Structure formats: structure tokens, C-alpha cells
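>
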Amino acid sequence: MSVAHRGRWKAMAAGAAALLIGLTLPGVTASPASATTTAYDSTYYKNAVGKSGSSLKSALHTITATGTTKISYDAVWNALKVTDQDPNNTANVLLLYSGVSRSKSLNGGSVGNWNREHVWAQSHGDFGTTAGPGTDLHHLRAADVQVNSTRGNKDFDNGGSPVSGAPGSYTDADSFEPRDADKGDVARMILYMAVRYEGDDAFPDLEANDLINGSVRFHGRLSVLKQWNQQDPPSAFEERRNQIIFDTYQKNRNPFVDHPEWVNLIW
Numbered sequence: 225m226s227v228a229h230r231g232r233w234k235a236m237a238a239g240a241a242a243l244l245i246g247l248t249l250p251g252v253t254a255s256p257a258s259a260t261t262t263a264y265d266s267t268y269y270k271n272a273v274g275k276s277g278s279s280l281k282s283a284l285h286t287i288t289a290t291g292t293t294k295i296s297y298d299a300v301w302n303a304l305k306v307t308d309q310d311p312n313n314t315a316n317v318l319l320l321y322s323g324v325s326r327s328k329s330l331n332g333g334s335v336g337n338w339n340r341e342h343v344w345a346q347s348h349g350d351f352g353t354t355a356g357p358g359t360d361l362h363h364l365r366a367a368d369v370q371v372n373s374t375r376g377n378k379d380f381d382n383g384g385s386p387v388s389g390a391p392g393s394y395t396d397a398d399s400f401e402p403r404d405a406d407k408g409d410v411a412r413m414i415l416y417m418a419v420r421y422e423g424d425d426a427f428p429d430l431e432a433n434d435l436i437n438g439s440v441r442f443h444g445r446l447s448v449l450k451q452w453n454q455q456d457p458p459s460a461f462e463e464r465r466n467q468i469i470f471d472t473y474q475k476n477r478n479p480f481v482d483h484p485e486w487v488n489l490i491w
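Counting the sequence shown from 1 gives a position; the numbering used here is that position plus 224.
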């Protein structure tokens, strides 16, 4: 799709959203992902299997919030070197948005380094780097410093101009579109945060919505995230990452990596 066409599509979508708040946007409706089964359905997910809507969301919140371990923001550096390790080069990490494989030792804040990207932007939850949502590995990823800066705290949507250093990604004044290989990953990270943090543990009640630049504690665009979840199913990299976070760090899982079809059962 050309950049000009993307821009026109986004303008049309924004206009439709203004008239149809709360409805799914035309052209971005996602059919439910195929049902899956996991080894955790009879144990970890036993209180969620068979539910839908608010009952499923509530069950997944309880599951993902119970018995978890929090890590410090400093500890995230070393954790990402494990969770985001390049399966083809154990000395490197794979960077979100660009797909670049970069040396684990090049973490920092300079050009050419990678840093800690909060996929759910900190300013959309006002949680900073506090242990909990600010350090939750299920939405923290290694990303190129400059690409991370370009994304900033923008919502996720289709359209815009090409992002330098991240082929296949696009951005404009208020939104960011990751490359196709990362679209589902981003969607499932955002929606994990919306079930994990419900305002009952001293952290904000985070919610996905269908707006761009919504108020604090919201992240969008939900209709597009649902489409991306369907378009880009969980990869082996994403599944391995989910397992490592569960086994080694936080003792909880991203349910939408295990069951992407649950997205449409909730939203």
C-alpha cells in the first residue's frame, strides 16, 4: 500500500470513528482466531476455559495477577537479553519494530544502541518505571534507540510515512504502525496489559479503546489491534518469550499468546 493511500485510509477511518464511537471500524473487523489448546488449560487457565466477555476478562485478570514476581527496572536490561535473544545468534537480541539482530552488549541510550521499549506507553498509564506495569516483561521489548524515540508514546494504527531504521513500519503525528511481523506481538502485549492491570492493586486500570490520543490509562486503536492479532499469529519467538517470562521471571503468562482467539471473546 502506498504512503499516500495509507494516509487517505487513515483519514477516512478517523472520520468514521468520530461518527461511530464504540463500533468496529469498517475494513478492520477481525474474524476470531482459531481455537487452540495448551498444556496449561487444565491447570493455569482452568478458571478461564469456556468463558467469554467480561467473565473471561475477569478470570484472566485474576490468573495473571496472582502469585506474580516483580523485577526492578534495572533488572529489565538483563532479562531482555534472555527473553529477546536472537535464536540464530545467542550473542544478540532481536529488536522490536525493525527486526534487527544487535549485540546484547549494545544496550544503552546512544545512537546504535538498543533500549527498553514500553509497548504500552508509560504516559498512557502514568506508571513510569515502577515495579509492576513499568517493568512488566510482557510488554517490554528491546528496540533501537532512534526507532523507539520515533514511536514515542503514540497509539497504534495503520498509516503514515516510512520509519527510518525500521523497514515496513510507518508513523504520523499521532500513531505508529509496526512492520507486519510485529503487528500481532504488539496487539497481544497491549491487550495483556488491559487484563493484567484492572486498578485493584495500586496501579491504574488500563483499558484498550478505539481512539487515538485518548486519555491516560487508555491505549488504541482496539479495532486495529484485533485485526493485527488475527493477521499475525503467535510465532515461535513469541511463544518462547512467554515461556521464559513464566518460568524464570514473573511466574505469569500472556494469555493471548497461548489463546489468541480469546481476544475476540473479550472485545
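Note that the Cβ used here is the ideal one computed from N, Cα and C, for glycine as well. Small disclaimer: the values here were computed from a predicted structure and weren't measured.
Spatial neighbours of Asp404 within its chain, please: C-beta separation below 7 Å, excluding the five flanking residues on both sides.
Contacts found: Gly392, Asp456.
> At what residues does the alpha helix (DSSP H) containing Val317 begin and finish?
Here Val317 belongs to no alpha helix (DSSP H); instead the beta strand (DSSP E) covers 313 to 318.
> For Arg232 and Asp471, what's the separation of their Cα atoms in angstroms?
Because Arg232 carries a pLDDT of 38, less than 50, the predicted location of this residue cannot be relied on, and no value is offered for it.
> Which parts of the segment 295 to 355 are runs of the alpha helix (DSSP H), unbroken and 4 residues or longer, counting only runs that do not cross its ends?
297 to 307, all fully within the segment 295 to 355.
> What are the complete beta strand (DSSP E) segments, minimum 3 residues, inside the segment 458 to 484?
Segments of the beta strand (DSSP E) lying fully in the segment 458 to 484: there are none.
> Quick one: what does DSSP say His285 is sitting in, helix, strand or coil?
If DSSP states are grouped into helix, strand and coil, His285 belongs with the helices.
> Among the residues of its own chain, which have a CB less than 7 Å from the CB of Asp425, if the five just before and after it don't count?
Around Asp425: Ala289.
> Counting C-beta neighbours from all protein chains within 10 Å, is the total for Gly291 16 or more, i.e. buried, or is it exposed?
Classification of Gly291: exposed, given that the 10 Å Cβ count is below 16.
> Which residue comes first and which comes last in the beta strand (DSSP E) that contains Asp368?
Segment 364 to 368, the beta strand (DSSP E) holding Asp368.
> Count the other C-beta atoms from every protein chain shown that fall within 10 angstroms of the C-beta of Pro386, then say buried if there are 16 or more, exposed otherwise.
So Pro386 ends up on the exposed side.
> So Asn351 packs on Leu415, CB below 8 Å; how close in whole Å?
What sits at residue 351 in the sequence shown is Phe, not Asn. No, Phe351 and Leu415 are not in contact; Cβ-Cβ is about 17 Å, not under 8 Å.
> What distance in whole Å lies between the Cβ atoms of Pro402 and Tyr321, which are believed to be in contact at a cut-off of 8 Å?
Going by Cβ atoms, the distance from Tyr321 to Pro402 rounds to 5 Å, so yes, they are a contact pair.
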